[in-house]
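First up is the structure itself, then whatever we jot down about it.
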Amino acid sequence: MQIEETKAKILSWGGVEPDFMLCSSKLCFQLTMTQEKTQYFTQGEDGKKLLKQGPTLPAYRGLKIIKSKCFSLDNGSQPRDILRRRVRTAEFYVVPRMNEDGVTVELYDEGSDNWARLVLPPGFVREFNLQFDGAYNAGNDRPDGAGGRVPETHNWLLLRPNIEHWMLGVIIGRGGIEHLGACFWGQTEMSVFDDGQHGVWGMTYKCIFFFARVACLCTCMRVRVCE
Amino acid sequence: MHRVWDVSYDGYTNGKGVAIMNWTPEDIKQFKSEQQETGNEFDGKDIIALPMNMPCQQLPSPMPYKVFSGPAPIPQHVTDDLSVEDLSTFTTKFFNKSSLGDYQERFEDILGKVNQKLNIVSGLHESRSAASAAMANESTMCRMFYQGTVKYKCQRQENFVTGCGHHGPDYPGVASVRNGKTLMTSAAPALQMLAIK
Chain A
0 MQIEETKAKI LSWGGVEPDF MLCSSKLCFQ LTMTQEKTQY FTQGEDGKKL LKQGPTLPAY
60 RGLKIIKSKC FSLDNGSQPR DILRRRVRTA EFYVVPRMNE DGVTVELYDE GSDNWARLVL
120 PPGFVREFNL QFDGAYNAGN DRPDGAGGRV PETHNWLLLR PNIEHWMLGV IIGRGGIEHL
180 GACFWGQTEM SVFDDGQHGV WGMTYKCIFF FARVACLCTC MRVRVCE
Chain B
0 MHRVWDVSYD GYTNGKGVAI MNWTPEDIKQ FKSEQQETGN EFDGKDIIAL PMNMPCQQLP
60 SPMPYKVFSG PAPIPQHVTD DLSVEDLSTF TTKFFNKSSL GDYQERFEDI LGKVNQKLNI
120 VSGLHESRSA ASAAMANEST MCRMFYQGTV KYKCQRQENF VTGCGHHGPD YPGVASVRNG
180 KTLMTSAAPA LQMLAIK
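Chains A and B, in that order, give the protein sequences. According to numbering that gives the first Met the number 0, the first sequence is numbered sequentially starting from 0. According to numbering that gives the first Met the number 0, the second sequence is numbered sequentially starting from 0.
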């Protein structure tokens, strides 16, 4: 869906049909490890070849697949694929008053891959009231419109504001010179630095490409630690 | 070229456990610290419990972050250059669909004060775009609160509320929509700066 939507979006902007998709190799796993592509026994000789070579994905929905690579971006840490990133999402739940007898609440715990019963920390309601001057834990009856009062249901709100997981992204575009035009090198700039005290040297390099239809500025930076 | 973020789910890190934050000053301080540390994987308490005594049994989903931050405009970045400034209409629709009634003012008041203490929604978080966060190895937060799945028993009666399910049958496209990225469809094309190695 995202691919087709992106194609349509590029066309609606006056662009041309994209012909490549740059994505993480992990995304290719997810696309190749489908039931259709791994039923080796039902495909005869082709199945044997497929088992030997492994399912490959040279193209998908008309787009040539280019696998992204990991780059050493931060000193002292593992190389990273910048099409893979961490994202935090959030959920809420409305539940009955959890401090009452006879009320139990269970949520899915993804770490243990199971449902788990929630247990309030000791003195939870007291600490909450201390933080909010006791204003929010009182009974909450409301007028019934006829001079009396009716009890309301008393529900709590639970928030899980930092559910964090990894997500993959893709870059979809058009390559080659047919539509983009020839490439000309523009003004370049390179500077080298050397930090003898910490044994670090490196360089920054900037160049500007001029295309017939697009212009982009790229900055490359290399840092190496002398051994 | 068109860069599409978050087309596929690729594994759980943290934050979907069952540890409840206590409202002690120490717990609050630790939670804020862990939440603001977007450069590392989240390692704080998972759940904020609010004994609010709400009259309603459910809320519309998703719940926008504006209910926490109040009328102060905090833009939500959708690309490097563009941000959604006006979520007021969406927030108004949320309250119109809710059955909070007279409780709405109190609801907003409580969540605003909770946000002052915990900084759940801050300008710092919202101003980080996906591209710059990915380069800096930081996580981003798109503050849409979705209804989660929950089981509870009350007066011997068992209830099961089916949520939106961030980690249900994810496939390319759906995960990003659940993640609040539908906002991106309103973004106009923009020339992006792309680092190439």
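Just so it is clear, CB atoms sit at the ideal spot from N, CA and C, and this is done for glycine as well.
Beta bridge counterpart(s) of residue i as assigned by DSSP
i	result
A/Ala58	A/Lys63
A/Leu106	A/Ala115 and B/Val149
A/Gly172	A/Phe19
A/Arg87	A/Glu163 and B/Met140
B/Met51	Answer by DSSP bridge pairing: none, since B/Met51 is not bridged.
B/Ile46	B/Ile19
A/Phe70	A/Arg79
B/Tyr11	A/His164
B/Val160	B/Val149
Residue i in three-state terms, based on DSSP
i	result
B/Asp26	helix
A/Leu82	coil
A/Val15	coil
A/Cys27	helix
B/Arg2	strand
A/Gly138	Reliability fails at A/Gly138, whose pLDDT of 48 lies under 50, so the model's placement of it is uncertain and no value is given.
B/Asp108	helix
A/Met97	coil
A/Tyr92	strand
B/Tyr64	coil
A/Leu157	strand
B/Asp169	Low per-residue confidence applies at B/Asp169: pLDDT is 37, beneath 50, and the placement is therefore not dependable enough to give any value.
B/Phe89	helix
A/Glu126	helix
A/Asp193	strand
A/Phe210	Low per-residue confidence applies at A/Phe210: pLDDT is 45, beneath 50, and the placement is therefore not dependable enough to give any value.
Environment of residue i [buried if 16+ CB atoms lie within 10 Å]
i	result
A/Trp165	buried
B/Pro54	buried
B/Lys15	buried
A/Leu231	What is shown of chain A runs 0 to 226, which leaves residue 231 of chain A out entirely.
B/Gln30	A small correction: the amino acid at residue 30 of chain B is Phe; Gln does not occupy that position in the sequence shown. Counting Cβ neighbours within 10 Å, B/Phe30 comes out buried, since at least 16 surround it.
A/Leu50	exposed
B/Thr37	buried
A/Trp12	exposed
A/Ala58	exposed
B/Gly10	exposed
A/Leu41	The question names Leu, yet the displayed sequence has Thr at residue 41 of chain A. Per the 10 Å Cβ criterion, exposed.
A/Val118	exposed
B/Lys96	exposed
A/Leu157	buried
A/Gly168	buried
B/Leu58	buried
B/Arg2	buried
B/Phe67	buried
A/Arg116	exposed
B/Arg155	exposed
B/Lys44	buried
B/Ser7	buried
A/Leu10	exposed
Worksheet item: Do three or more CB pairs link the region 104-115 of chain B to the region 66-76 of chain A at distances below 8 Å?
Response: No: fewer than three Cβ pairs fall under 8 Å.
Discussion item. Closer than 8 Å is the cut-off here; do at least three beta carbon pairs connect the region 130-147 of chain B with the region 58-69 of chain B?
Written reply: The region 130-147 of chain B vs the region 58-69 of chain B: in contact.
Item to complete: Spell out a yes or no on whether the region 22-29 of chain B and the region 9-25 of chain A are touching, meaning 3 or more CB-CB pairs, one atom from each, closer than 8 Å.
Response: No, the region 22-29 of chain B does not touch the region 9-25 of chain A.
Worksheet item: Quick one: any contact between the region 81-96 of chain A and the region 129-139 of chain B, if contact means 3 or more CB pairs under 8 Å?
Response: With a cut-off of 8 Å, the region 129-139 of chain B and the region 81-96 of chain A count as touching, because enough Cβ pairs lie within range.
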